[in-house]
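Inspection log for the structure reproduced underneath, given as structure tokens.
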Amino acid sequence: MNDIIAFLRARLDEDEITARGALHAAPHTGTDDHGTWHANGAEVAGEAMHFWDNPTNVLTEWQASHIARHDPARALREVEAKRRILDRAEQLHDDPFDTVLFTEYDETILPLMAAAYSDHPDYQPHWTT
Numbered sequence: 000m001n002d003i004i005a006f007l008r009a010r011l012d013e014d015e016i017t018a019r020g021a022l023h024a025a026p027h028t029g030t031d032d033h034g035t036w037h038a039n040g041a042e043v044a045g046e047a048m049h050f051w052d053n054p055t056n057v058l059t060e061w062q063a064s065h066i067a068r069h070d071p072a073r074a075l076r077e078v079e080a081k082r083r084i085l086d087r088a089e090q091l092h093d094d095p096f097d098t099v100l101f102t103e104y105d106e107t108i109l110p111l112m113a114a115a116y117s118d119h120p121d122y123q124p125h126w127t128t
């Protein structure tokens, strides 16, 4: 279990660094003062959206909405929530009386969390549930 938790913590650290980097770039990337991104700040031209007065930077409305839903502030909240899940898994590992819940984390929850990073070179295929 320690390997998968270390793997997940490293990925969450990377996600946090990326989100914080994007958050600091917020004034230049169509965000509000809190790092929340908005698709409605784009100019709609037919099926595409043009950002930052650059006609070569074109996204569909669906793409723009997807990007806005995964803004840095949300990514940071997800990182924190997932870290708390990992903290709980470690607590359960140390509790000899809660083996049922520990087994659920070990065999299901942690592998499902790791599956999101299955394209990472450090991902272990045996983690697949």
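Heads up: the sequence shown is residues 0 to 128, going by numbering that gives the first Met the number 0.
Ideal Cβ positions, reconstructed from N, Cα and C, are used throughout, including at glycine.
These figures come from a predicted structure and were not determined experimentally.
Burial state of residue i (16 or more Cβ within 10 Å)
i: Leu22; result: buried
i: Asp70; result: buried
i: Ile16; result: exposed
i: Met48; result: For Met48, the predicted model reports a pLDDT of 49, less than 50, meaning its position is unreliable and no value from the coordinates is stated.
i: Ala5; result: exposed
i: Ala63; result: buried
i: Leu111; result: exposed
Beta-carbon proximity of residue i to residue j, cut-off 7 Å
i: Leu85; j: Leu7; result: yes
i: Ala88; j: Tyr104; result: yes
Assumed close pair residue i, residue j - CB separation to whole angstroms, cut-off 8 Å
i: Ala18; j: Leu91; result: With a Cβ gap of about 27 Å, Ala18 and Leu91 do not count as contacting.
Cut-off 7 Å between Cβ atoms - residues of its own chain near residue i, not counting five sequence neighbours on either side
i: Leu11; result: Val78, Lys81, Arg82
i: Tyr116; result: Arg10, Tyr122
i: Asp14; result: Ala74, Val78
Any C-beta of chain B under 7 Å from that of residue i
i: Arg19; result: Absent from the structure: chain B. Only one protein chain is present.
8 Å CB neighbourhood of residue i in its chain, flanking five on each side removed
i: Asp94; result: Phe101
*What residue ranges within the segment 57 to 97 form continuous alpha helix (DSSP H) runs of no fewer than 4 residues, ordered along the chain?*
Those alpha helix (DSSP H) runs which fall completely within the segment 57 to 97 and span 4+ residues are 60 to 68, 71 to 92.
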